[in-house]
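This report refers to the structure that appears directly beneath it.
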Amino acid sequence: MKLDLHIWRQASFQAKGYFEHFALDDLDEHMSVPEMLDHLNTQIIKSGGQPIAFESDCREGICGQCGFVINGNVHSPVAGTTTCQTHLRSFTNAQTLYIEPFRAAAFPIKKDLMVDRSALDRIIQAGGYIGVHTGMAPEANTHLIAHNLAEKAFDAAACIGCGACVATCKNASAMLFTSAKINHLSLLPQGAPEEQARVTNMIQQMDEEGFGACSNTGACEVVCPQGISITNIADTNRTWFKKQISN
Amino acid sequence: MLHAKIPEGLLQDKWSNYKAQAALISPANRRNYKIIVVGTGLAGASAAASLAELGFAVEVFTFHDSARRAHSVAAQGGVNAAKNYKNDGDSIWRMFYDTLKGGDFRAREANVYRLAECSEALINHAVAQGVPFAREYSGYLSNRSFGGVQVSRTFYARGQTGQQLLLGAYQALLKQQAGHQLQLHTRHEMLDVITVNGQAQGIVARNLDTGEMSTHPCDALILATGGYGKIYYLSTLAMNCNASAIWRAHRKGAFMACPSFTQFHPTSLPQLGNYQSKLTLMSESLRNDGRIWVPKLPNEQRLAKDIPEEERDYYLERRYPSFGNLAPRDIASRAAKERIDAGFGVGPMKNAVYLDFKDAMQRDGKKTIAQRYGNLFDMYQKITGINAYNEPMMIAPAAHFSMGGLWVDYNLMSNLPGLFVLGEANFADHGANRLGANSLLQACVDGYFISPITVMDYLAKQPIQKDKTQYLAAAEKAKQEVRVQIEQLLQIQGDTTAEEFHKELGNILYKKCGLSRNQRDMELAKEEILALQLRFKTKLLIPGKESEINFELEKAMRVNDYLEMAILIVEDALQREESCGAHFREEYQTQEGEAQRNDENFAYISAWEFKGNNVFQLHKEALQFNFVTLKNRSYK
Ligand SMILES: Cc1cc2nc3c(=O)[nH]c(=O)nc-3n(C[C@H](O)[C@H](O)[C@H](O)COP(=O)(O)OP(=O)(O)OC[C@H]3O[C@@H](n4cnc5c(N)ncnc54)[C@H](O)[C@@H]3O)c2cc1C
Ligand code: FES
């Protein structure tokens with residue numbers, strides 16, 4: 000299989016970026032996108048060049064390490080699929096692909112296709128947890144949690160922290176990411192006591208990190224590899240307003 | 000010389016006795032002790048958070064860009080606990096026995112018992128953290144059954160149990176960082192252990208963004224750096240999993256235990272081509288309804304659907320009528336390999352077997368099967384492009400889990416004082432074969448419940464080091480050695496990438512020291528690996544510099560360590576002249592082709608000491624069974 004690749008190259012955050020062109024004609028349609036880049040990198044290295052820096056780890060769509068923009072599609076042209084789970088059979092033979100990093104002010108580019116997503120960790124650190132120390136926990140069946148509620152909490156908790164929601168949003172908002180964590184924890188009885196502080200602190204951190212405001216376009220849920228719904232955002236907004244009013 | 004330090008008393012009293020007698024440090028003094036944790040998987044994150052909660056000063060290192068990406072995130076199936084919520088006769092004792100037997104009696108009774116004993120508390124803690132385990136409609140926690148046992152003790156969060164448990168631990172970790180009790184260094188790779196008179200006192204780390212090398216002192220060091228199954232190149236592990244942390248500790252004197260015990264998972268997706276970088280696991284739960292078969296004719300050309308029933312060999316049902324398709328992992332994997340090697344494999348590379356849901360769909364309806372396994376069928380289609388409702392899946396065994404690892408005593412401390420090893424990185428609980436859903440448990444229990452007590456006990460008995468001169472000299476020397484190694488690797492400028500070497504190594508190991516092994520092949524493997532080591536030193540090609548983001552340099556260092564470790568894996572498999580669990584020596588099998596254990600001569604843990612490049616000395620820790628009688632595993 001043949002592909003015509005234009006891949007973003009940028010030596011460092013400060014450096015100026017550009018697209019570099021590669022024509023590949025010995026690809027297999029069952030390769031995944033990172034495997035294609037492995038293959039290309041081997042060729043680059045052997046001809047004395049600098050390989051393309053990109054990240055991936057699990058290559059099965061769960062660790063959230065990978066993620067590029069391919070022809071304008073965040074992660075993948077296949078809806079709800081991570082870059083690592085995208086195979087070349089999703090493209091047509093001899094297609095031209097533009098591959099570039101996730102772009103958002105809060106995700107500075109480190110090198111080529113690598114971005115710094117540590118801002119997401121700092122949002123969690125601001126309150127995305129339940130304050131239980133090892134040893135404190137009561138018997139696991141003490142709090143009954145209805146099946147549907149547990150499922151709903153899981154739906155929100157399934158986030159892999161890849162940042163696709165931010166990369167696809169025209170405002171580069173992290174509202175889907177943040178609200179999914181808030182909702183996961185606040186839906187559960189164990190997480191309820193800290194709800195107000197969690198919402199305030201996580202949203203404040205999100206603003207400080209330079210993520211944009213959410214204008215409810217819904218683009219985020221379309222690209223989310225875990226199908227996390229924007230109803231999480233509405234729920235979070237409700238809690239946040241309640242808090243503002245009570246203040 | 001090797002002292003496991005198992006507490007006195009009855010099996011069920013040992014851990015309580017230990018806890019009652021463990022030395023403590025007063026809360027106000029704990030902040031004076033620095034503990035370094037390497038790894039933020041379930042074992043590392045849970046240990047770091049729990050120790051920080053106790054008030055110790057904790058510093059954490061991971062090569063990942065976020066603690067949440069450790070490979071624990073990929074575990075699907077579930078986590079075991081002896082809650083007996085199903086009233087099906089489960090108990091701590093039964094879970095202990097299942098685990099010990101599953102491991103073919105090559106683990107310590109006391110460690111395994113403690114694992115089962117702490118399992119209940121883990122579920123309580125995970126639920127309190129907000130882990131959304133599956134629930135019944137009544138709101139109670141739900142359980143399912145898993146391979147190799149007859150009770151339902153597995154807790155699960157859809158097919159993402161590892162992710163959910165890890166998020167719980169990761170959030171606890173970040174909470175401690177927010178409270179300044181803990182300092183997390185992401186994108187830092189540990190490259191050496193600093194020892195003073197054999198005691199672990201710090202680490203050398205490289206900042207993967209800048210290449211900067213730094214040293215960090217500590218009073219206790221915890222390695223929780225995961226498994227090394229990726230040494231086989233194609234495995235179910237993530238691309239960056241590696242053995243470097245434990246290997247470098249080994250080079251500094253820590254003993255490596257049973258390194259040849261690697262589990263091959265029977266239901267991975269097969270390799271489709273040479274470009275392939277990893278193998279994806281399909282959940283073992285599929286074996287509850289899928290039937291495994293190969294054609295009776297070798298080199299069968301027909302499609303699966305065109306092969307009539309009487310020309311199919313349901314070899315697991317044939318060989319193991321009572322467990323059938325649910326035979327334990329080691330047995331199922333080996334049986335598949337036997338058929339594939341005999342020329343009955345299917346798929347483009349003739350390296351797979353069929354997992355067929357036709358009968359289950361006829362019996363229960365397609366809808367029921369879709370409800371049970373829909374997400375797995377979708378995943379299968381995503382990866383292979385094949386719709387498994389219309390034709391059988393193709394599966395194959397793949398390197399998956401390292402039972403072997405650094406030797407630790409009951410305290411989870413290696414033979415180097417101050418060096419603790421947790422989670423998949425140690426050899427402790429799983430013997431020669433791990434049961435499904437037991438390793439998430441082990442990683443969590445090591446981190447949340449065991450290490451906080453044993454590490455404190457160790458520290459309480461240590462005088463605080465005031466004089467740092469010896470440490471400083473050792474740290475400088477260790478840093479210098481890593482620098483020299485990096486320079487040497489960069490200077491080679493040959494024509495072969497680290498990845499290419501890794502693939503070659505994986506190939507040798509799969510063929511000659513994988514699912515089944517024999518002396519002749521392993522001796523050949525040793526020669527081939529030694530030759531590969533030499534070629535690596537003259538032909539390796541790394542582009543770029545040390546002082547920048549350089550993935551090729553990172554890979555080259557890991558492959559370098561793998562090449563050294565591979566020799567030890569083969570040595571270990573050679574010396575164990577018996578078959579047990581995942582270690583199948585072709586010379587030692589019954590007439591029906593089953594594993595033949597030799598308890599008289601091999602009921603020990605092999606613990607290897609590093610004596611110089613490719614030279615290792617074997618020490619044996621005899622396994623004593625005071626509470627159970629050894630039996631042959633039979634699944635017929
Ligand atoms: C696909 C798959 C499915 C599985 N499913 C199950 C299951 O259903 N149930 C079950 O019980 N078990 C399962 N397992 C096994 C289980 O997931 C692992 O054994 C367990 O999660 C290991 O946890 P850990 O904390 O020891 O290591 P890991 O989670 O692998 O963490 C290792 C950590 O160490 C860090 N690290 C490593 N080396 C260095 C270094 N040199 N410097 C700095 N940091 C370093 C990494 O960054 C990472 O943070 C599965 C495994 C796989 C591969
Ligand atoms: S590499 Fe893990 S999600 Fe893509």
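Sequences listed follow chains A and B, in order.
FYI, the numbering for the first sequence is 0 to 246, going by numbering that gives the first Met the number 0.
FYI, the numbering for the second sequence is 0 to 635, going by numbering that gives the first Met the number 0.
Beta carbons: idealized from backbone N, C-alpha and C, even for Gly.
Just so you know, these numbers come straight off a predicted model, no measurement behind them.
| Item | Value |
| --- | --- |
| Using the rule of at least 16 other Cβ atoms within 10 Å of the residue's Cβ for burial, across every protein chain shown, is residue 365 of chain B buried or exposed? | exposed |
| Just to check my reading of the structure: residue 189 of chain A and residue 120 of chain B have Cβ atoms closer than 8 Å, yes? What is that Cβ distance to the nearest angstrom? | Going by Cβ atoms, the distance from residue 189 of chain A to residue 120 of chain B rounds to 16 Å, so no, they are not a contact pair. |
| So residue 431 of chain B and residue 580 of chain B are supposed to be a Cβ contact under 8 Å. How far apart are they, rounded? | 3 Å |
| So which of B:175, B:200, B:280 has the shortest CA-CA distance to residue 379 of chain B? | B:280 |
| Would residue 76 of chain B and residue 283 of chain B qualify as a contact pair, given that the criterion is a beta-carbon distance under 8 Å? | yes |
| Can you pull the chain B neighbours of residue 49 of chain A, defined as C-beta to C-beta under 9 Å? | 542, 543 |
| Which complete alpha helix (DSSP H) runs does the segment 533 to 610 of chain B hold, if anything under 4 residues is left out? | 550 to 574, 598 to 601 |
| By the 10 Å Cβ neighbour count, where 16 or more other Cβ atoms means buried, how is residue 142 of chain A classified, buried or exposed? | exposed |
| Does at least one heavy atom of ligand 1 sit under 7 Å from the Cβ of residue 75 of chain B? | yes |
| DSSP beta-bridge partners for residue 641 of chain B? | Outside the shown range of chain B (0 to 635) lies residue 641 of chain B, about which nothing can therefore be said. |
| Give me the Cβ distance between residue 138 of chain B and residue 183 of chain A, rounded to the nearest whole Å; I'm assuming they're in contact under 8 Å. | Not confirmed; about 18 Å, so no contact. |
| Tell me whether residue 241 of chain B counts as near ligand 1, meaning its Cβ is closer than 7 Å to at least one heavy atom of that ligand. | yes |
| Which same chain residues end up closer than 6 Å to residue 326 of chain B when comparing Cβ atoms and leaving out the 5 residues on each side of it in sequence? | 315, 319, 634 |
| Could you name the residues of the segment 172 to 192 of chain B whose beta carbon sits closer than 8 Å to any beta carbon of chain A, in the order they occur along the chain? | 173, 174, 176, 177, 185 |
| Can you check whether the CB of residue 419 of chain B is closer than 8 Å to the CB of residue 658 of chain B? | Since the displayed chain B opens at 0 and closes at 635, residue 658 of chain B lies outside it and no answer follows. |
| Helix, strand or coil, according to DSSP, for residue 392 of chain B in the structure here? | strand |
| Whose C-beta lies closer than 6 Å to the C-beta of residue 167 of chain B among residues of the same chain, with five residues either side of it excluded? | 125, 128, 130 |
| Which residue or residues does DSSP assign as beta-bridge partners of residue 96 of chain A? | A:4 |
| Given residue 617 of chain B, which residues of its chain have a CB within under 7 Å of its CB, disregarding the five upstream and five downstream residues? | 574, 605, 607 |
| If you compare alpha carbons, which of B:21, B:9, B:514 is closest to residue 638 of chain B? | Any question about residue 638 of chain B goes unanswered here, given that chain B covers just 0 to 635. |
| Take residue 13 of chain B and list the residues in its own chain whose beta-carbon comes closer than 6 Å to its own, dropping the five residues that flank it on each side. | 6, 109 |
| Can residue 65 of chain A be considered in contact with ligand 2, in the sense that its beta carbon sits closer than 7 Å to one or more heavy atoms? | yes |
| Taking only beta-carbon positions, decide if residue 55 of chain A is within less than 8 Å of chain B. | yes |
| Going by DSSP, name the residue or residues bridged to residue 189 of chain B. | B:204 |
| Tell me whether residue 413 of chain B, by its Cβ, gets closer than 7 Å to a heavy atom of ligand 2. | no |
| How close, in whole Å, do the beta carbons of residue 632 of chain B and residue 103 of chain B come, if the pair is a contact with beta carbons under 8 Å? | 6 Å |
| Please determine, among B:619, B:593, B:495, B:376, the residue with the shortest C-alpha to C-alpha distance to residue 330 of chain B. | B:593 |
| What residue range is occupied by the uninterrupted alpha helix (DSSP H) comprising residue 216 of chain B? | Careful: residue 216 of chain B lies outside any alpha helix (DSSP H), inside the beta strand (DSSP E) at 212 to 216. |
| Do residue 489 of chain B and residue 548 of chain B come within 8 Å of each other at the CB atom, strictly closer than that value? | no |
| Consult DSSP for residue 451 of chain B and reduce its assignment to one of helix, strand or coil. | helix |
| Looking at ligand 1, does it come within less than 7 Å of residue 188 of chain B, judged from the CB to the closest heavy atom? | yes |
| Curious, which full-length beta strand (DSSP E) runs of at least 3 residues does the segment 19 to 84 of chain A contain? | 67 to 69 |
| Going by CA-CA distance only, name the one from B:407, B:441, B:539 that's closest to residue 256 of chain B. | B:407 |
| For residue 100 of chain B, is the classification buried or exposed, using 16 other Cβ atoms within 10 angstroms of its Cβ as the cut-off for buried? | buried |
| Between the beta-carbon of residue 190 of chain B and the beta-carbon of residue 199 of chain B, is there less than 8 Å? | no |
| Can you tell me whether residue 234 of chain B is helix, strand or coil according to DSSP? | strand |
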